[in-house]
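Visitor: Our numbering numbers the first residue of the sequence shown as 1 and each following residue consecutively.
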Amino acid sequence: MLSARNTAYVQFVRSLGRRGVIRVGGNTSDFSSYAKDGPAVCATKGTVVDDAVIRDLGEFLDATGWQLIWGLNLGSRDLANAIEQAASVIAATRDKLLAFEIGNEPDLFAGGVAHRPKGYSYADYLKEYREYKTALRAKFPKSRFAGPDVASHTDWLTQFAADEGSDLKLLTHHHYAEGPPTSPASTIERLLAPSDGLARMLSQCEAASRSAGVPYRICETNSCFGGGKPGVSDTLAAALWGLDYLLTMASANCAGTNLETGINQLGFVSSYSPIADDEAQRPVAKPLYYAMLAFAKAGRGTRIGAQFDANGMNVTAYAVKDAAGRVFVTTINKDAEADATVSVSLPRELRKASVLRLAGPSLDSKTGVTLGGAEVGEEGKWSGGKEESVSIRDGACEIHLPAASAAIVAAEN
Numbered sequence: 001m002l003s004a005r006n007t008a009y010v011q012f013v014r015s016l017g018r019r020g021v022i023r024v025g026g027n028t029s030d031f032s033s034y035a036k037d038g039p040a041v042c043a044t045k046g047t048v049v050d051d052a053v054i055r056d057l058g059e060f061l062d063a064t065g066w067q068l069i070w071g072l073n074l075g076s077r078d079l080a081n082a083i084e085q086a087a088s089v090i091a092a093t094r095d096k097l098l099a100f101e102i103g104n105e106p107d108l109f110a111g112g113v114a115h116r117p118k119g120y121s122y123a124d125y126l127k128e129y130r131e132y133k134t135a136l137r138a139k140f141p142k143s144r145f146a147g148p149d150v151a152s153h154t155d156w157l158t159q160f161a162a163d164e165g166s167d168l169k170l171l172t173h174h175h176y177a178e179g180p181p182t183s184p185a186s187t188i189e190r191l192l193a194p195s196d197g198l199a200r201m202l203s204q205c206e207a208a209s210r211s212a213g214v215p216y217r218i219c220e221t222n223s224c225f226g227g228g229k230p231g232v233s234d235t236l237a238a239a240l241w242g243l244d245y246l247l248t249m250a251s252a253n254c255a256g257t258n259l260e261t262g263i264n265q266l267g268f269v270s271s272y273s274p275i276a277d278d279e280a281q282r283p284v285a286k287p288l289y290y291a292m293l294a295f296a297k298a299g300r301g302t303r304i305g306a307q308f309d310a311n312g313m314n315v316t317a318y319a320v321k322d323a324a325g326r327v328f329v330t331t332i333n334k335d336a337e338a339d340a341t342v343s344v345s346l347p348r349e350l351r352k353a354s355v356l357r358l359a360g361p362s363l364d365s366k367t368g369v370t371l372g373g374a375e376v377g378e379e380g381k382w383s384g385g386k387e388e389s390v391s392i393r394d395g396a397c398e399i400h401l402p403a404a405s406a407a408i409v410a411a412e413n
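1) Short of 6 Å in beta carbon distance, which residues of its chain neighbour E398, apart from the five on each side in sequence? Order them along the chain.
2) Who pairs with S33 in a beta bridge, going by DSSP?
3) What did DSSP end up calling T134 once you bin it into helix, strand or coil?
4) With distances taken between CB atoms, is the gap from H175 to D107 smaller than 8 Å?
5) Within the stretch 253-339, note down every full beta strand (DSSP E) run reaching 3 residues or more, in order along the chain.
6) Return the first residue and the last residue of the beta strand (DSSP E) that V21 is part of.
7) Return the residue from the list M313, F140, G75 that minimises the CA-CA distance to Y120.
8) Helix, strand or coil: which one does DSSP assign to P148?
9) Output needed for G380: all residues of its chain with C-beta closer than 6 Å, excluding positions within five of it in sequence on either side, in chain order.
10) If we ignore side chains and look at the alpha-carbon of each, how far apart do V113 and N104 end up?
11) Taking all protein chains shown into account, do 16 or more other C-beta atoms lie within 10 angstroms of the C-beta of P148, making it buried, or fewer, making it exposed?
12) For the stretch 388-397 against the stretch 342-356, are there 3 or more C-beta pairs whose distance is under 8 Å?
13) Using only the alpha-carbon positions, how far apart do W241 and D37 sit?
14) Please classify N73 as buried or exposed, where buried requires at least 16 neighbouring CB atoms within 10 angstroms.
15) Looking at K133 and I90, is the spacing between their C-beta atoms short of 8 Å?
16) Using the Cβ count rule (16 or more neighbours within 10 Å means buried), how would you classify Q281?
17) Taking the alpha-carbon positions, what's the G267 to G46 distance?
18) Can the beta-carbon of E220 be found less than 8 Å from the beta-carbon of G26?
19) Give the DSSP bridge partners of F100, in chain order.
20) Using only the alpha-carbon positions, how far apart do A238 and S271 sit?
21) Could you tell me the boundaries of the beta strand (DSSP E) in which V170 lies?
22) Grab the span of the beta strand (DSSP E) containing C418 for me, first residue to last.
23) Say yes only if the C-beta of A255 is nearer than 7 Å to one or more non-hydrogen atoms of the ligand SAH, and no if none qualify.
24) Is it right to say P361 is buried, meaning 16 or more other beta carbons lie within 10 angstroms of its own, or is it exposed?
25) Going by alpha carbons, who is nearest to I69 out of P181, I218, K386?
26) Looking at the unbroken beta strand (DSSP E) that takes in A237, where does it start and where does it end?
27) Going by other Cβ atoms of all chains shown within 10 Å of its Cβ, with 16 needed for buried, is Q85 buried or exposed?
28) Should N222 go down as buried or exposed, given a rule of 16 or more other Cβ atoms within 10 Å for buried?
29) Where does V41 land, buried or exposed, given buried means 16+ other C-beta within 10 angstroms?
30) Per DSSP, A63 is paired with what?
31) In the DSSP assignment, what are the bridge partners of E375?
32) If we call anything under 8 Å between Cβ atoms a contact, is I332 one with V320?
33) Considering only DSSP beta bridges, list what K352 is partnered with.
34) What is the residue span of the beta strand (DSSP E) that S389 lies within?
35) Using the rule of at least 16 other Cβ atoms within 10 Å of the residue's Cβ for burial, across every protein chain shown, is P230 buried or exposed?
36) Under 8 Å by Cβ, that's how I've got A310 and A403 pegged, so tell me the actual separation to the nearest angstrom.
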């Protein structure tokens with residue numbers, strides 16, 4: 001999949017922007033191993049990576065221009081194998097390697113994944129992390145690291161920031177909005193509802209980041225853990241959630257997110273994958289991909305303050321200003337039935353405005369999702385869509401925002 005020869009997948013990634021970060025990790029990484037000459041194996045608890053597939057990944061990064069976070073296996077405690085794997089990754093990815101992570105969700109090691117006995121603590125993890133880091137730095141002095149890559153124990157991130165912040169590239173945390181997919185509570189309605197828990201977590205991450213002077217990243221995330229829930233994670237609702245989520249992350253000074261895609265640790269292509277496969281095994285854009293594409297349009301620039309009154313509706317709004325002085329205001333209507341009329345007040349010097357819309361037939365639609373009325377083609381290309389012209393009068397413009405849709409207003413001189 002991640003090969004420069006996979007030209008369609010390369011284009012899907014490039015359509016999102018010239019800069020980005022791919023993370024290779026997750027639960028599978030703590031059950032994986034490295035074998036120089038392979039053969040490579042894809043398995044839920046026995047993945048084997050070899051030099052050939054790692055070289056493929058390096059060429060894919062060169063083709064896209066994106067960087068890499070690579071997860072090393074801490075679960076098995078095979079430090080020698082991790083060092084061999086790191087050597088291969090460094091050789092293949094060179095300056096594209098942003099950081100190594102050591103272990104995936106170590107705060108759950110004493111729980112469901114059972115890599116460690118009950119009672120495994122943050123102090124135990126820190127000791128093991130430093131053992132790995134010291135050995136890797138002895139071999140590769142310029143190695144950079146990210147962590148602690150926790151699932152839910154944000155207090156581990158806070159402690160890790162204090163203990164390792166001066167020697168980190170990134171603080172990392174995971175987050176899923178809902179789950180598991182078997183739960184009746186994992187619904188579109190809950191996915192689109194405001195989350196106090198998310199706000200608390202981001203506040204803690206931001207405080208730890210600021211205190212340590214190192215950025216934080218939500219490096220594994222999506223709508224519903226366990227591979228997503230069909231009828232929720234693969235719908236227009238997930239696209240609206242995704243756009244709002246990405247803008248929320250940016251508003252909380254998050255350095256970026258990694259929306260999980262492809263085959264998961266359970267061995268099937270996740271329902272929440274932004275890029276999935278069609279019947280002919282060709283990569284195709286799913287609804288969540290359109291959220292990422294919309295964010296690539298709406299999220300470039302410096303955040304600016306926006307006073308906003310939703311008037312009791314499930315509508316959110318965000319604003320940025322780019323280097324050319326253009327202002328982008330994104331409004332997202334997550335209501336299933338009620339349309340909205342949105343009045344946008346703009347700086348007086350801005351005289352022209354246009355609107356790009358993210359839309360689909362209904363919240364539960366799995367197909368027919370578009371950005372600017374255009375779909376992403378089979379080869380990962382998006383035409384740019386159609387922008388609607390909007391009149392600015394007395395420093396304001398008014399737009400109609402249908403139920404279950406989003407709009408990006410772009411205003412300029």
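C-beta atoms are modelled at their ideal positions from N, C-alpha and C, and glycine is treated no differently.
Guide: Checking against the coordinates, here is how it stands:
1) Closer than 6 Å at the Cβ level, and outside the excluded window around E398, lie S343.
2) Note: S33 sits in a beta bridge opposite V48.
3) The answer is helix: DSSP assigns T134 an H, G or I state.
4) One thing to note: H175 has its Cβ no nearer than 8 Å to the Cβ of D107.
5) Under the rule that a run must span 3 or more residues, the beta strand (DSSP E) segments found entirely inside the stretch 253-339 read 257-259, 275-277, 283-285, 315-321, 327-333.
6) Its beta strand (DSSP E) spans residues 21-24.
7) In terms of CA proximity to Y120, G75 leads the group M313, F140, G75.
8) Strand, per DSSP.
9) Non-local beta-carbon contacts of G380 in its own chain, meaning distances under 6 Å to residues more than five positions away in sequence, involve A8, Q11, F12, S15 in chain order.
10) Counting only the Cα atoms, N104 lies some 10 Å from V113.
11) Counting every other CB atom within 10 Å of its CB across the protein chains shown gives P148 a total of 16 or more, marking it as buried.
12) Note that the stretch 388-397 touches the stretch 342-356; at least 3 beta-carbon pairs, one per stretch, sit closer than 8 Å.
13) For W241 and D37, the gap between their C-alpha atoms comes out near 43 Å.
14) It is buried - the Cβ of N73 has at least 16 other Cβ atoms within 10 Å.
15) For the pair I90 and K133, the CB atoms are not nearer than the 8 Å cut-off.
16) That one is exposed.
17) Their backbone Cα atoms lie some 11 Å apart in a straight line.
18) G26 is positioned such that its CB atom lies closer than 8 Å to that of E220.
19) Bridge partners of F100: W70, F145.
20) Looking at the backbone, the Cα of A238 and that of S271 are separated by about 10 Å.
21) One point to set straight first is that residue 170 is Leu, not Val, in the sequence displayed. Its beta strand (DSSP E) spans residues 170-178.
22) Because the chain here runs from 1 to 413, residue 418 falls outside it and cannot be looked at.
23) This structure lacks the ligand SAH; in fact it carries no ligand of any kind.
24) Counting the other Cβ atoms within 10 Å of the Cβ of P361 gives fewer than 16, which makes it exposed.
25) Out of P181, I218, K386, I218 has the C-alpha closest to the C-alpha of I69.
26) Looking at the DSSP string, A237 is not in any beta strand (DSSP E); the run it does join, the alpha helix (DSSP H), is 236-251.
27) Buried: at least 16 other Cβ atoms inside 10 Å.
28) Only buried fits N222, as 16 or more other CB atoms lie within 10 angstroms of its CB.
29) The residue in question, V41, is exposed, as its Cβ has fewer than 16 Cβ neighbours within 10 Å.
30) Answer is none; A63 lacks a bridge partner.
31) Within the DSSP secondary-structure output, E375 pairs in no beta bridge.
32) Cβ atoms of I332 and V320: not closer than 8 Å.
33) K352 pairs with E412.
34) Counting along the chain, the beta strand (DSSP E) containing S389 begins and ends at 388-390.
35) Around the CB of P230, fewer than 16 other CB atoms lie within 10 Å, so the residue is classed as exposed.
36) Contact check for A310 and A403: beta-carbon distance about 14 Å, past the 8 Å limit, so the pair fails to qualify.
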